[in-house]
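>
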Amino acid sequence: MIAHRIVVCLGFVLSVPATGFGNALADSGGKVETSYEVNVRGLTVLDIKYSSEISAAGYRSQASIETRGVAAVFSDYRMKMAASGALVNGQSSPAQYQSRSAKKDKKKAVELNWSQGTVLASETATNPEIKAEIDAALAAGVTDPLTAIFRIGTLPGGNPCQAAHRIFDGKEVFELRFSFTKEAVLDDSFPGAYHGKAYECRATYVPVAGRYAAKFRKRNEEPPTYKVWLAPIGGDVAGESRLIPVRATGRLDGMKFEAYASRVKVDGRPFKTVSASGN
Numbered sequence: 003m004i005a006h007r008i009v010v011c012l013g014f015v016l017s018v019p020a021t022g023f024g025n026a027l028a029d030s031g032g033k034v035e036t037s038y039e040v041n042v043r044g045l046t047v048l049d050i051k052y053s054s055e056i057s058a059a060g061y062r063s064q065a066s067i068e069t070r071g072v073a074a075v076f077s078d079y080r081m082k083m084a085a086s087g088a089l090v091n092g093q094s095s096p097a098q099y100q101s102r103s104a105k106k107d108k109k110k111a112v113e114l115n116w117s118q119g120t121v122l123a124s125e126t127a128t129n130p131e132i133k134a135e136i137d138a139a140l141a142a143g144v145t146d147p148l149t150a151i152f153r154i155g156t157l158p159g160g161n162p163c164q165a166a167h168r169i170f171d172g173k174e175v176f177e178l179r180f181s182f183t184k185e186a187v188l189d190d191s192f193p194g195a196y197h198g199k200a201y202e203c204r205a206t207y208v209p210v211a212g213r214y215a216a217k218f219r220k221r222n223e224e225p226p227t228y229k230v231w232l233a234p235i236g237g238d239v240a241g242e243s244r245l246i247p248v249r250a251t252g253r254l255d256g257m258k259f260e261a262y263a264s265r266v267k268v269d270g271r272p273f274k275t276v277s278a279s280g281n
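For what it's worth, my numbering labels the leading residue of the sequence shown as 3, then goes sequentially.
1) Is DSSP giving residue 272 helix, strand or coil here?
2) Got a sec, what are the start and stop residues for the beta strand (DSSP E) residue 123 sits in?
3) Helix, strand or coil, according to DSSP, for residue 264 in the structure here?
4) According to DSSP, simplified to helix, strand and coil, what is residue 147?
5) Between which residues of its own chain and residue 144 is the CB-CB distance below 6 Å, once the five residues before and five after are set aside?
6) Is it right to say residue 117 is buried, meaning 16 or more other beta carbons lie within 10 angstroms of its own, or is it exposed?
7) DSSP three-state call for residue 218: helix, strand or coil?
8) Who are the Cβ neighbours of residue 264 in its own chain at under 8 Å, not counting the five residues just before and after it?
9) Ends of the alpha helix (DSSP H) at residue 134?
10) Which class does residue 43 belong to by DSSP, given the choice of helix, strand or coil?
11) Could you tell me how far apart the beta carbons of residue 200 and residue 248 are, in whole angstroms, since I believe they sit closer than 8 Å?
12) Counting Cβ pairs closer than 8 Å, one from the stretch 171-187 and one from the stretch 201-221, do we hit at least three?
13) Note down, in chain order, each residue of its chain lying with its Cβ closer than 7 Å to the Cβ of residue 35, except the 5 sequence neighbours on either side.
14) Taking the alpha carbon of residue 177 as the reference point, which residue from 212, 62, 233 and 51 has its own alpha carbon closest?
15) Can you pull the DSSP bridge partners for residue 90?
16) Quick one: grab the DSSP three-state call for residue 213.
17) Distance, Cα to Cα, residue 49 vs residue 126?
18) Return the chain-ordered list of same chain residues with a C-beta closer than 6 Å to the C-beta of residue 84, the five sequence neighbours on each side being excluded.
19) For residue 252, list the residues DSSP reports as bridge partners.
20) Go through its chain and collect everything with a Cβ distance to residue 257's Cβ below 6 Å, but skip five positions before and after it.
21) Shortest alpha-carbon distance to residue 56 belongs to which of 217, 95, 120 and 80?
22) Residues in its own chain within less than 7 Å of residue 197 by CB, not counting five upstream and five downstream?
23) For residue 292, collect the residues of the same chain with a Cβ closer than 8 Å to its Cβ; drop the 5 residues on either side in sequence, then sort them by chain order.
24) On a Cα-Cα basis, can you pick out the residue from 115, 104, 209 and 124 that is closest to residue 166?
25) Is residue 150 buried or exposed, if buried means 16 or more other CB atoms sit within 10 Å of its CB?
26) Taking 7 Å as the limit between beta carbons, can you name the residues of its chain near residue 142, skipping five residues before and five after?
27) Alpha carbon to alpha carbon, how far is residue 133 from residue 220?
28) Thinking just about the alpha-carbon of each residue, which of 87, 135, 129 and 103 is nearest to the one in residue 146?
29) Under the assumption that residue 105 contacts residue 79 (Cβ atoms under 8 Å), give the Cβ distance between them as a whole number of angstroms.
Below is the structure:
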């Protein structure tokens with residue numbers, strides 16, 4: 003189902019606006035609010051909303067995904083996520099993650115809690131082989147989907163797309179692997195709220211453990227990959243700056259999609275205002 007795949011893939015890639023804010027927001031406090039539209043075959047099928055707030059006490063973030071238009075008629079899917087944790091030496095340390103999803107009359111809830119670096123899930127896989135595989139995949143440093151957002155960003159030297167992140171959503175363990183492609187310019191022919199310089203990056207979704215990972219290996223498929231464009235705020239493309247994902251393209255369940263930022267606010271200011279001010 004395309005909505006669920008976007009939840010576990012695009013939702014995390016597109017919800018990366020806190021990326022690159024790092025110590026700047028931890029020191030000064032800041033709130034990020036973003037909205038995205040996902041189009042398939044020219045129709046908007048999903049709305050994604052994300053917000054995060056960072057303070058000296060730590061971080062809190064929320065995200066929601068909801069089918070829209072014709073897609074809602076055939077698959078009325080909704081999902082909400084929330085996470086919180088601490089910032090230790092500029093690094094995010096997860097404490098709690100919750101998700102609630104609903105598809106027609108079926109509802110699912112997941113809760114993860116971290117204690118001394120160990121993650122505990124509210125539910126575990128009923129299949130003993132899959133459970134053992136998941137347990138073995140929960141290595142040190144595994145994080146929840148929203149906390150992973152804070153770990154995807156500019157590395158020393160200004161390169162934003164050279165990292166791999168292992169993520170556990172309560173059901174599946176997977177990795178998001180990023181690599182830098184090139185600098186680009188999004189002109190007026192591209193939809194969305196942003197036009198200008200950007201980084202073009204490649205994101206690869208790699209199933210590691212869980213029911214979907216088992217099916218993925220049996221089919222012997224190549225991991226799905228996506229193109230993601232990150233726009234710099236507060237500096238030029240060549241320097242270190244805050245990064246906002248503004249566009250993504252690829253295929254999900256065999257169908258081409260295009261996703262773009264329709265609204266971005268930082269500390270209550272529209273995206274273009276922040277970009278123009280250089281703050």
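Backbone N, C-alpha and C define an ideal beta-carbon position, used for all residues, glycine too. Every value quoted in this text rests on a predicted model; they were computed, and no experiment measured them.
To lay it out plainly:
1) As a first step, residue 272 must be located in the sequence shown, where it is residue number 270. DSSP places residue 272 in strand when its eight states are reduced to three.
2) Residue numbering aside, residue 123 sits at position 121 when the sequence shown is read from its first letter. First-last of the beta strand (DSSP E) with residue 123: 120-123.
3) Locating residue 264 in the sequence shown gives position 262, counting from the first residue. Strand.
4) Your numbering for residue 147 matches position 145 in the sequence shown. If DSSP states are grouped into helix, strand and coil, residue 147 belongs with the helices.
5) In the sequence shown, the residue the question calls residue 144 occupies position 142. Within the same chain, residue 144 has close Cβ partners 168 and 170.
6) As a working mapping, residue 117 is identified with position 115 in the sequence shown. Classification of residue 117: exposed, given that the 10 Å Cβ count is below 16.
7) For the purposes of this step, residue 218 is identified with residue 216 of the sequence shown, where counting begins at 1. Helix at residue 218.
8) Taking the sequence shown and counting its residues from 1, one reaches residue 264 at position 262. Counting only Cβ-Cβ distances below 8 Å, and skipping sequence neighbours, we find 37, 38, 39, 194 and 195.
9) By 1-based counting over the sequence shown, the position of residue 134 is 132. Taken as a continuous stretch (DSSP letters only), the alpha helix (DSSP H) holding residue 134 covers 130-139.
10) Your numbering for residue 43 matches position 41 in the sequence shown. If DSSP states are grouped into helix, strand and coil, residue 43 belongs with coil.
11) Here residue 200 is taken as the residue at index 198 of the sequence shown, counted from 1. Here residue 248 is taken as the residue at index 246 of the sequence shown, counted from 1. Residue 200 to residue 248, Cβ: 6 Å. Contact.
12) yes
13) Mapped onto the sequence shown, residue 35 falls at position 33. 53 and 267, listed in sequence order.
14) Counting from 1 along the sequence shown, the entry for residue 177 is found at position 175. Nearest of 212, 62, 233 and 51 to residue 177, Cα basis: 212.
15) As a first step, residue 90 must be located in the sequence shown, where it is residue number 88. 93.
16) Mapped onto the sequence shown, residue 213 falls at position 211. Here residue 213 sits in helix by DSSP.
17) Position 47 of the sequence shown, counted from the start, is the residue given in the question as residue 49. Position 124 of the sequence shown, counted from the start, is the residue given in the question as residue 126. Approximately 29 Å, taken between the alpha carbons.
18) The sequence position of residue 84 within the sequence shown is 82, counting from 1. Excluding positions up to five away in sequence, the list reads 64 and 100.
19) On the sequence shown, residue 252 is found 250 positions in, with the first residue counted as 1. According to DSSP, residue 252 bridges with 228 and 259.
20) The residue labelled residue 257 in the question sits at position 255 within the sequence shown. 42.
21) On the sequence shown, position 54 is the one that residue 56 refers to. For the set 217, 95, 120 and 80, the Cα lying nearest the Cα of residue 56 is the one of 95.
22) Counted from its first residue, the sequence shown places residue 197 at position 195. Hits under 7 Å: 188, 189 and 190.
23) With the chain covering only 3 through 281, there is no way to say anything about residue 292.
24) By one-based count along the sequence shown, residue 166 stands at place 164. Of the candidates 115, 104, 209 and 124, 209 places its Cα closest to the Cα of residue 166.
25) As a first step, residue 150 is located in the sequence shown; it is residue number 148 there, counting from the start. Classification for residue 150: buried.
26) Against the sequence shown, residue 142 aligns to sequence position 140. Answer for residue 142: 119, listed in chain order.
27) Mapped onto the sequence shown, residue 133 falls at position 131. Mapped onto the sequence shown, residue 220 falls at position 218. Cα-Cα distance, rounded: 18 Å.
28) As a first step, residue 146 must be located in the sequence shown, where it is residue number 144. Comparing Cα-Cα distances from residue 146 to each of 87, 135, 129 and 103, the minimum goes to 87.
29) Walking along the sequence shown from the start, residue 105 turns up at place 103. Walking along the sequence shown from the start, residue 79 turns up at place 77. The Cβ separation is near 5 Å, so the contact holds.
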